[in-house]
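Chains as they are written, first to last, in our numbering: chain A, 1 to 114; chain B, 115 to 225. Notes to accompany the following structure.
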Amino acid sequence: GAGVSQSPSNKVTEKGKDVELRCDPISGHTALYWYRQSLGQGLEFLIYFQGNSAPDKSGLPSDRFSAERTGGSVSTLTIQRTQQEDSAVYLCASSPRLGVYEQYFGPGTRLTVT
Amino acid sequence: DAKTTQPNSMESNEEEPVHLPCNHSTISGTDYIHWYRQLPSQGPEYVIHGLTSNVNNRMASLAIAEDRKSSTLILHRATLRDAAVYYCILRDIAGANNLFFGTGTRLTVIP
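Structure below.
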C-alpha cells in the first residue's frame, strides 16, 4: 500500500520568507510525527499529533514553527521568517496510534534557506 | 527515555552475518528496544523491536541479554543494500511517543 508521502521533495527559499511543508500519512494511521535532520546530524523531534487531541509541541525550536493536522489526516508544518539554521531535511512519520508501535517515515523535504 | 550506546561505525563483508551491539544499562522494565535504520538519502526505516525475548522477522533478529542491559541486532547475511546507519532506541510504553535518535552505527558493507 501507499506509504507516507511528503511534498515538496526539495525547497529553496530566501531568508525571511515563510514555507509550508506537507505530509500525507498512511491511511488509517492516527498518530503523525514531524522530525528534522540537519546535515550529518541525528533526527530531532519537533511535534506529534494523535487523532483530534491537542498536539505535543514540546520539540518545536521556536515560535516561528507551527503545525496543523486537518481532518486527522494531512499535516502541514509551517516555518515563518525562515533562518539559515532552519536548513535541514524535514521528515514526517505516522503510526497506527501512539505508543510503542513502529513509525513509518516519509522520504523527507530538503529545505535550504539562502 | 533511557540512553543507548552504540559503536560509531562497523564494517562487514557482503553475505556474512553482522552483529550490531547496543548498550542500555539504565533500561527500565517498561522500555521496549527498537531498531531503525536509515539508508543514504532516505527516511528512517523500522527494523525490529522487542521487550524481553529474542525476536525474529524477515529483516533481522534481535537478541536481548537476560538482564536487558544490552541487545544485538543480527543481520544474517549482509547485502550492499544493508549499508545504512542503524539506530538503537528505547521506548517507554508509558513515556514520550516520539523517537529519540542518537548517533547510531554506520554499517559499511564491503563487496
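C-beta: ideal position from N, C-alpha, C; glycine also.
Environment of residue i [buried if 16+ CB atoms lie within 10 Å]
i, result
"Pro-25(A)", "buried"
"Arg-97(A)", "exposed"
"Thr-109(A)", "buried"
"Leu-39(A)", "exposed"
"His-138(B)", "buried"
7 Å Cβ cut-off: residues of chain A touching residue i
i, result
"Pro-121(B)", "Residues of chain A passing the Cβ test: none, with the nearest at roughly 15 Å."
8 Å Cβ cutoff, residue i in contact with chain B
i, result
"Glu-68(A)", "no"
"Glu-20(A)", "no"
"Gly-59(A)", "yes"
"Glu-85(A)", "no"
"Tyr-90(A)", "no"
"Gly-108(A)", "yes"
Within-8 Å CB hit, residue i to chain A
i, result
"Gly-164(B)", "no"
"Gly-157(B)", "yes"
Backbone secondary structure at residue i - three-state DSSP
i, result
"Gln-156(B)", "coil"
"Arg-195(B)", "helix"
"Glu-180(B)", "coil"
"Gln-84(A)", "helix"
"Ile-207(B)", "coil"
"His-190(B)", "coil"
"Lys-17(A)", "coil"
"Glu-130(B)", "coil"
"Asn-10(A)", "strand"
"Pro-135(B)", "strand"
Under 8 Å by beta carbon: chain B residues contacting residue i
i, result
"Tyr-104(A)", "Tyr-160"
"Leu-43(A)", "Pro-158, Leu-213 and Phe-215"
Chain B residues whose Cβ lies nearer than 9 Å to that of residue i
i, result
"Gly-28(A)", "Here the premise fails: no neighbours, minimum Cβ distance about 17 Å."
(message) At a CB distance below 9 Å, what residues from the segment 211–224 of chain B approach chain A? Give them in sequence order.
(response) Asn-211, Asn-212, Leu-213, Phe-214, Phe-215, Gly-216, Thr-217 and Gly-218
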